[in-house]
Amino acid sequence: MGRIAVTGTSSFLGARILRRLVDARGADSVVTVDIAAPPAALGGVRHQMLDLTLPGADQRLVDPTPTSWSRSALSTSWPRRRRPGSATS
82 MGRIAVTGTS SFLGARILRR LVDARGADSV VTVDIAAPPA ALGGVRHQML
132 DLTLPGADQR LVDPTPTSWS RSALSTSWPR RRRPGSATS
């Protein structure tokens with residue numbers, strides 16, 4: 082069986098639904114996705130801190146590594162700042 086992603090688990094209702102899913106399917110089959118962690122620590126439940134209202138949030142679910150969104154920034158050549166008092170060439 083696949084995993085179930087649940088949002089809103091920091092609320093009262095969301096936390097109750099999460100607990101029931103963990104009891105029924107096991108902690109390894111449930112992933113919480115929210116900007117806040119669930120209130121009760123359920124052993125084995127994976128939490129992905131993510132604001133689903135932001136553009137590109139769906140891609141972060143597929144590839145949650147921070148490098149997936151920063152590669153373009155690393156390859157961009159930014160203009161260098163001149164330090165005060167440094168020689169100009």
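To convert, note that position 43 of the sequence shown is 124 in my numbering; the numbers rise steadily by one, no gaps. For every residue, glycine included, the Cβ atom is placed at its ideal position computed from N, Cα and C. No experiment lies behind these values; they were computed from the predicted model shown.
Asked	Found
L102 burial status per 10 Å Cβ neighbour count (16 or more: buried)	buried
Alpha-carbon spacing of A86 relative to A117, whole angstroms	14 Å
Same chain, Cβ closer than 6 Å to G125, five either side skipped, listed in chain order	A108 and D109
Where I85 falls: helix, strand or coil (DSSP)	strand
D139 in three-state terms, based on DSSP	helix
Helix, strand or coil at D115 according to DSSP, with G and I counted as helix	strand
Nearest candidate by alpha-carbon position, reference T88, set R106, D104 and Q129	Q129
Outcome for L94 when other beta-carbon atoms lying within 10 angstroms are tallied against a minimum of 16	exposed
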